[in-house]
């Protein structure tokens, strides 16, 4: 478990099945997660059974975000597309209930995971893709030092037309790297 003030990041437990089933099958989140069909409880149960594997084994890691008062899970934070050669991973976060948003929980959870990724896993970089209609997420990631490095135009089809996808990166300045001579 990783604790920071009133939040705890913890491993996924079998007791989380119903909550994950609800969140993964909420069509309001499908656009941002690039989902086009529901997840079965069977598939989620298998995922939970394998969630004990390290990011080096599974190539991904999901952590539940718990708050203390009242004690409950409010979301998830995911590391995905882990690349052990280049030491990078994608990152995504969900605070499921709108009533728990804008309270600093996402900021604290991201700070914890960034610290874990850079100081424990020794990753060189984290990255994320955020749709143009998700200004709150862009603001959150910018606040924590992520830099927008590109835009994929008309990348995701939505009910209202196509949306741009913004690409953000956070480079670990303390990671051991060789100097890229092509930049000098």
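In this note's numbering, the protein residues as written are 36 to 219. Ideal placement from N, C-alpha and C gives every residue a C-beta, glycine not left out.
C-alpha distance - residue 165 paired with residue 176, whole-angstrom precision: Within the model, the alpha-carbon separation for residue 165 versus residue 176 is close to 9 angstroms.
Which of helix, strand or coil DSSP assigns to residue 131: It is coil, neither helix nor strand.
Anticipated Cβ contact below 8 angstroms, residue 205 with residue 160, distance rounded: With a Cβ gap of about 6 angstroms, residue 205 and residue 160 count as contacting.
Proximity below 8 angstroms, CB of residue 100 to CB of residue 158: No, Cβ-Cβ distance for residue 100 and residue 158 is not below 8 angstroms.
Exposure label - residue 47; buried when at least 16 CB within 10 Å: Residue 47 is buried by the Cβ-count criterion.
Alpha-carbon to alpha-carbon, residue 153 and residue 235: Given a span of 36 to 219 for the chain in the structure shown, any question on residue 235 remains unanswerable.
Residue 93 (DSSP reduced to helix, strand or coil): In this structure, DSSP gives residue 93 a helical state, which the three-state scheme calls helix.
Identity of the residues DSSP links to residue 204 by a beta bridge: Answer is 162, 182, bridged to residue 204.
7 angstroms Cβ shell around residue 188 - same chain, five flanking residues per side excluded: Closer than 7 angstroms at Cβ, skipping near neighbours: 199.
Straight-line Cα distance separating residue 201 from residue 49: Computed Cα separation, rounded: 34 angstroms.
Close Cβ partners of residue 210 (< 6 angstroms) along its chain, the five nearest in sequence each way excluded: Result list for residue 210: 159, in chain order.
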